[in-house]
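Taking it in order: structure first as structure tokens, then the write-up.
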């Protein structure tokens, strides 16, 4: 799949999109990769988080879901939040103007009932070569799936939510680091702002 992706880190955003869909559509194939990733994963908040994620992935082996479709409108909603909070180093779902994920999504169209947003923050600088891009994207998706130290595993739940059909991903600088915003919805009627 080669969606139309807007932004400076389009390779990374496409790769994150790919790995989220791989997790949804072929979880059995990722068990070994997640197990390898978990050996280096360290969480002070929750030491058993990676083990919990592997067990969860094993439960999903026979529960393949549909792939998420790319949405330009959600890509732009994610870009809006990234470009807003990234330069000032904020980390929440509310923008500097107090806009919520829903506010940003409806700016670009009419969403369905189900909608959500994941945020990922990275210490790595944006990679230049393709191999590093893919590795970074896989790490970002695995960290969200492990969701260490977060009650209820909201990032994991949103990635796996069967009600979500559309997604938009956007990565940008975040102070001295980088971040990714991922917006989801069940459906979306894009408006003229998406042009």
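In the working numbering, the protein residues as written are 785 to 979.
The C-beta atom is built at its ideal place from N, Cα and C for all residues, glycine as well.
Remember, it's a predicted structure, so these values are computed and weren't measured experimentally.
{"Asked": "Inside the stretch 878-950 only - alpha helix (DSSP H) runs reaching at least 4 residues", "Found": "885-890, 914-930, 938-944"}
{"Asked": "CA-to-CA distance, residue 891 to residue 815, given in whole angstroms", "Found": "38 Å"}
{"Asked": "Where residue 797 falls, given that 16 or more other Cβ within 10 Å makes a residue buried", "Found": "buried"}
{"Asked": "Three-pair Cβ contact test at 8 Å for the stretch 793-813 versus the stretch 905-922", "Found": "yes"}
{"Asked": "Nearest neighbour of residue 966, chosen from 925, 809, 917, 826 [CA to CA]", "Found": "925"}
{"Asked": "Option nearest residue 783 by Cα separation, candidates 943, 959, 957", "Found": "Past the edges of the chain, shown from 785 to 979, lies residue 783, and the structure says nothing about it."}
{"Asked": "Host alpha helix (DSSP H) of residue 822 (start-end)", "Found": "811-824"}
{"Asked": "Cutoff 9 Å: residue 879 Cβ touching any chain C Cβ", "Found": "No chain C is present in this structure, which holds just one protein chain."}
{"Asked": "Residue burial classification, residue 850 (beta-carbon count within 10 angstroms, cutoff 16)", "Found": "exposed"}
{"Asked": "Straight-line gap, residue 936 to residue 913 (C-alpha atoms, nearest Å)", "Found": "35 Å"}
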